[in-house]
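Colleague:
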Amino acid sequence: MSVADWEPVIGLEVHCQLQTATKLFSACELQRLAPPNTLVDEFTLGLPGTLPVVNEAAVRSAVALALALGCDVQTRSRFARKHYFYPDLPKGYQTTQGSEPYARGGMVEVPGDPPHRVRLTRIHMEEDAGKNVHVPGEDVSLLDFNRAGAPLLEIVSEPDIRSGAEAAAYLRELRSIVRFLGISDANMEEGTLRCDANVSLRRRGTTELGTRCEIKNLNSFRFLALAIGAEIRRQADILDTGGRVQMATMSYDADRDQTRVMRTKEEAADYRYLPEPDLPPLLIPAAWIETMRACQPALPAQLRAEWTAAEVSEADAELLSSEPDLAAYFEATIAAGAPAKKAANWVTIELLAKLRADERTLADCRVQPAHLAELIGLVEDGTLSQRAAKQVFFAAYDEGLPPAEIAERDGHRQVSDPAKLRAIVTEVLAVSDKQLAQYRAGKTALRSYFVGQVMKKTRGQANPKVVSDLLDELLPGDAG
Amino acid sequence: MSQVIDATARELAAQVRSGARSAAEIAATFLERNDAVASRLHAWSRRDDDRARHRAAAIDAEVAAGRDPGPLAGVPVGLKDNFVTAGVETCCGSRILAGWIPPYDGAHVQRLAEAGAVSLGKCAMDEFAMGSSNENTPDEPVRNPWALDFVPGGSSGGSAAAVAARLVPFALGTDTGGSIRQPASMCGIVGLKPTYGRVSRYGMIAFGSSLDQAGPLTRNVRDAAAVLGVLAGHDPRDSTCLDEPVPDYVAACDATIAGARIGVDRSVIDHDGLDDDVRAAFETSLAVLRDAGAQIVDITLPHFAHAIATYYVLATAEAASNLSRYDGLRYGAQQTRPGLRQTYEATREHGFGDEVKRRIMLGTFVLREGSFARYYGRAQKVRTLIARDYAAAFASCDAIASPTSPVAGWRIGEKQADPMAMYLSDVFTIGANLAGLPAISIPGGFCRATETMPRLPIGFQLLAPRLGEPTLLALAAAHEAATAWHEQMPTQVQS
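From first to last, the protein sequence lines are chains A and B. Heads up: the first sequence at position 437 corresponds to 437 in the working numbering, and the numbers run straight through without jumps. Heads up: the second sequence at position 472 corresponds to 1472 in the working numbering, and the numbers run straight through without jumps.
#1: Is there contact between the stretch 34 to 49 of chain A and the stretch 252 to 272 of chain A, where contact requires at least three CB pairs shorter than 8 Å?
#2: Name the residue from Ser1210(B), Ser1155(B), Thr1452(B) whose alpha carbon lies nearest to the alpha carbon of Leu1434(B).
#3: From Ala1392(B) to Pro1465(B), what does the alpha carbon distance come to, in whole angstroms?
#4: Could you list the residues in the stretch 77 to 89 of chain A with a C-beta less than 7 Å from some C-beta on chain B, going in chain order?
#5: On the three-state DSSP scale, how would you describe Ile238(A)?
#6: If the cut is a Cβ gap below 7 Å, which residues of chain A does Val1084(B) touch?
#7: Any idea if Gly1178(B) is buried or exposed, counting beta-carbon neighbours within 10 angstroms, 16 or more meaning buried?
#8: Put Pro330(A) into one of helix, strand or coil per three-state DSSP.
#9: Closer than 7 Å, Cβ to any Cβ of chain A: which residues of the stretch 1187 to 1205 of chain B, in chain order?
#10: Taking all protein chains shown into account, do 16 or more other C-beta atoms lie within 10 angstroms of the C-beta of Ser1285(B), making it buried, or fewer, making it exposed?
#11: According to the Cβ coordinates, are Leu218(A) and Ala227(A) closer than 8 Å?
#12: Between the Cα of Glu189(A) and those of Gln296(A), Asp270(A), Arg222(A), Ser163(A), spot the shortest distance and give me the residue it belongs to.
#13: Tell me, please, whether the CB atom of Arg272(A) is closer than 8 Å to any CB atom in chain B?
#14: Run through chain A and tell me which residues come within less than 7 Å of Ala1317(B), C-beta to C-beta.
#15: Nearest CA to the CA of Pro1247(B): which residue from Ile1257(B), Arg1261(B), Leu1231(B)?
#16: Among residues of its own chain, excluding the 5 on either side of Thr348(A), which ones have a beta-carbon nearer than 6 Å to its beta-carbon?
#17: Is the CB-CB distance between Ala1206(B) and Gly1157(B) below 8 Å?
#18: With 8 Å as the limit, tell me which residues of the stretch 1339 to 1371 of chain B have their beta carbon closer than that to any beta carbon of chain A; keep them in chain order.
#19: Kindly list the residues whose CB is nearer than 6 Å to the CB of His485(A), restricted to its own chain and excluding five residues on each side of it in sequence; keep chain order.
#20: Going residue by residue through the stretch 1103 to 1184 of chain B, where are the continuous beta strand (DSSP E) segments of at least 3 residues, counting only ones entirely within it?
#21: So, is the C-beta of Leu1329(B) closer than 8 Å to a C-beta in chain A?
#22: From what residue to what residue does the alpha helix (DSSP H) around Leu474(A) run?
#23: Between Leu181(A) and Leu279(A), is the Cβ-Cβ spacing less than 8 Å?
#24: Going by Cα to Cα distance, which pick from Ala1315(B), Tyr1196(B), Gly1263(B), Asp1275(B) is closest to Glu1244(B)?
#25: Distance cutoff 8 Å, beta carbons only. Does Thr1483(B) sit that close to anything in chain A?
#26: Leaving out five residues on either side along the sequence, give the residues of the same chain with a beta carbon under 8 Å from the beta carbon of Tyr1390(B).
#27: By Cβ distance below 6 Å, which residues in the same chain neighbour Ser1022(B) in space, the five residues on each side in sequence not counted?
#28: Given that a residue counts as buried once 16 or more other Cβ atoms are within 10 Å of its Cβ, and exposed if not, what is Pro1236(B)?
#29: Is the Cβ of Pro1245(B) closer than 8 Å to any Cβ of chain A?
#30: According to DSSP, simplified to helix, strand and coil, what is Thr1300(B)?
#31: What first and last residue would you give for the beta strand (DSSP E) that runs through Leu214(A)?
#32: Could you tell me which chain A residues have their CB closer than 9 Å to the CB of Thr1176(B), listed as they occur along the chain?
#33: State yes or no: is the beta carbon of Asp1254(B) nearer than 8 Å to at least one beta carbon in chain A?
#34: Any idea what DSSP makes of Asp278(A), helix, strand or coil?
#35: Along chain B, which residues have their Cβ under 7 Å away from the Cβ of Val135(A)?
Printed below as a string of structure tokens:
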């Protein structure tokens, strides 16, 4: 037996921190970068006598995601307390949703080769904990409660994932959707997107689920894929040697590319869930849900479908739909009249390469979508050659001026007028007796010499197609 | 002095508002009274004389400037020590909160301040409001002003003793299973537990969140009505607080009770556990109401017998959860040890008293994975049945009467070794908390002095449908008008 004999069965639990102005259960301000313990209030610190009040903006964001993922939004859900002692948990319990989450079901369409679907079990709302900061070299930990009480959504998938790569693709797609909805910047490095993976193996061809292990705190797409790979190898080794996988919580050691046991089931905490007595059931009116459904923004999968129908390649569509601002830029370029395929080429090749090289973002890009569309139009109607267009693009990138204006100013306009070019071609041929004689003698490669001369006389602005047509007409016939 | 200390809260406020008497004089008189007799009772966990004098002076300045300081202008008040007070140590009767000075005022403190009341300090209580005798305390237990070796009831025992002894005209208490009504009964005063959600819980240290309500302890019904009017109303900081209009509760005291139907479940009254004097006093109180025009009708509360078991599952589960935050890391008294776990254990071991630990253990037990449905889940179902019993009973009556406590009182230490006996003393009060209904205890006589028992007050309890406080107040006021029990001064504090 080997790894190939076992089928990995993987489900993810993804935590996404919502970017609301205030925390989930109090009017305490919430932002990303602030000195430790400056974003706290009585409730955040768990002071006696304080009570939770649900943040409506967080519920809106939560419902937006549930609708985007096709979940069944529950008009009645409940919060519950999950108890454990830890210094970053001010109340000694986390207020979350237990047996009655606000969203059930749903699905993520994951692009890729091949594309696949991951069904969702549920999404629930909960509050984040603070942060323990271990001081290196010292025997103390510091506590920062800025993050405590921040709204989180936990998105729990069905075990529909079969590899680390699929898991990473699923998480990427989820991140794109969250960003398109504008509810979170979903950044793994900053911890606004976090992921735990449940991994089990079963013999290929069987349907029964094996014993699963949960890998905690996977904070990059790369580590997610690697950790799952390592856990698959670990479990396969156990099973291959006739052993049994013990249910456990794992951590991933990136240096050794190994997963290791953090705690076994016997050591697992009993969270003693209690329906949150300080909060009545959360009622989300059906009308409210329908209103939100009606004004959902376009999502990556939908945009990809539209774009590929307009002959944009799958790969380009995937890239362009990965970030909402990029998608919006692309959409605006099309809306300004550029053909989708051409626009996709310009954006994915020229624009992104230039931005990447300059370490700039789309937000500080000086080429407006309308300008890019204009530039594409100038190529399409023959005003600019492909080469000239690039030069105009670079100028527009630096200066932020409309391409037509730059083309005019810098003399990039292509000369396509047949009468004008006929005069020039005639002139060139008139002073090229020697070359014409050789051409007649069969040295047809000299055709490029005549093109070059025309280009020289027009400072490169002659439309090559028109020049070519004129040469066809004015040069002596084949070897004649 | 007696002109001031015997006056009602409403009379004092009227005098201050009209300029007839200064808040400063009232405060000084009560502080003097406290200096004379408070040490006999241990009713205070913290007196705050300086702050009280400043506050009284500020009220007088408002009156002098032509402004109305509010319906409780210049009236001294005692706050049970589970009300959060900015700048004033708040310990909830526990060592674990020793030294905690809150940075904020709770809703009750704010509302009382806006109404012009003057806090004299924090009243002693059973630790985390868990108890029926005020003996669950790291401090000296509070004494009953009618007999100093007897308990004042609990857990608002300090508040009740202070009001009965005229150390303050009124006090605030909290009631999770009878903690306002039972000490009011034992000290011979009025104690009102409002409908769940009538009064905000913001800034009241939680014991059993789905059961806790704050309310007044006063010497007469109209004062209770006036204080309730100040406390009641919507508070967006408490998601369980009701957004319902607040009626004029004082005016409700004048409503006629002619034709009102008072329900009595005879099976609850006619059993051995009830003290003979308590039963006799209860029948007398019923007669008083009958004479005032009310009708006494029979009702049944089929699940009444399960109330105590239900309560001790739900209240302990919520308490164990609510008390999880006391880890000594962010506030309160930390017992620092070399490791985190050891620090937690030492802090909680040293910080909590025996009764609190017992309830945390019970609550933790009922919430264990696997036993939740058997205990908490089932208790919730029984709670629903109990609430339905009341709803069904209210189809044929306007209020339900019972004694407040099955006994008039007990000696300090008498029930300490037997927590079950202590829990059973809550039998009449717990139902109102489980069903979220308003209930009031009013003075209803005294037990006969014998060789073993001193003459102690006996309380009479009335319970009404949700938001039926006006009904309770009208009945209680009618009873008060026909009796003089509430005018008696406790024997041990007649200076």
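Beta carbons: idealized from backbone N, C-alpha and C, even for Gly.
Modeller: Considering the structure as presented:
#1: Segments in contact, no.
#2: Checking every option, the nearest Cα to that of Leu1434(B) belongs to Ser1210(B).
#3: Going by the C-alpha atoms only, they are around 10 Å apart.
#4: Taken in chain order, the members of the stretch 77 to 89 of chain A whose beta-carbon sits within less than 7 Å of a beta-carbon on chain B are Arg81, His83, Phe85, Pro87.
#5: Residue state, collapsed to three classes: helix.
#6: What Val1084(B) touches in chain A: Pro48, Gly49.
#7: Per the 10 Å Cβ criterion, buried.
#8: Note that residue 330(A) is Phe in the sequence shown here, rather than Pro. In the structure shown, Phe330(A) sits in a helix (DSSP, three-state: H, G or I).
#9: Residues passing the 7 Å Cβ filter: Arg1201, Tyr1202, Gly1203, Met1204, Ile1205.
#10: Classification of Ser1285(B): buried, given that the 10 Å Cβ count is 16 or more.
#11: Yes. Within cutoff.
#12: Distances from the alpha-carbon of Glu189(A) to those of Gln296(A), Asp270(A), Arg222(A), Ser163(A) put Arg222(A) closest.
#13: Interface residue, yes.
#14: Listed along chain A, the residues sitting closer than 7 Å to Ala1317(B) by beta-carbon distance are Leu274.
#15: The option with the nearest alpha carbon to Pro1247(B) is Leu1231(B).
#16: The answer, listed in chain order, is Asp316, Leu319.
#17: No, Cβ-Cβ distance for Ala1206(B) and Gly1157(B) is not below 8 Å.
#18: Result list: Leu1340, Tyr1344, Thr1364, Leu1367, Arg1368, Glu1369.
#19: Limits of chain A in this structure are 1 at one end and 480 at the other, which puts residue 485(A) out of reach.
#20: 1118 to 1123, 1170 to 1175, all fully within the stretch 1103 to 1184 of chain B.
#21: Yes, Leu1329(B) lies at the interface with chain A (some Cβ there is under 8 Å from its Cβ).
#22: Element bounds for Leu474(A): 464 to 474.
#23: Their beta carbons are not under 8 Å apart, which means Leu181(A) does not touch Leu279(A) by this criterion.
#24: Looking at the Cα atoms, Tyr1196(B) is the closest of the given residues.
#25: Taking Cβ atoms only, chain A never reaches closer than 8 Å to Thr1483(B), which makes this a no.
#26: Cβ within range, chain order: Leu1301, Ile1400, Gly1431, Ala1435, Leu1437, Leu1463, Pro1465.
#27: For Ser1022(B), where only same-chain residues beyond five positions count, the Cβ hits under 6 Å are Asp1060.
#28: The residue in question, Pro1236(B), is exposed, as its Cβ has fewer than 16 Cβ neighbours within 10 Å.
#29: No, its Cβ sits nowhere closer than 8 Å to a Cβ of chain A.
#30: The three-state secondary structure of Thr1300(B), taken from DSSP, is coil.
#31: Looking at the sequence shown, residue 214(A) is not Leu but Glu. It spans 213 to 218 - the beta strand (DSSP E) in which Glu214(A) sits, taken as one unbroken run.
#32: For Thr1176(B), no chain A residue has a Cβ inside 9 Å of its Cβ, as the nearest lies near 12 Å away.
#33: Chain A contact via Cβ: absent.
#34: In the displayed model, Asp278(A) falls within coil according to three-state DSSP, outside both helix and strand.
#35: Simply none; closest approach about 15 Å.
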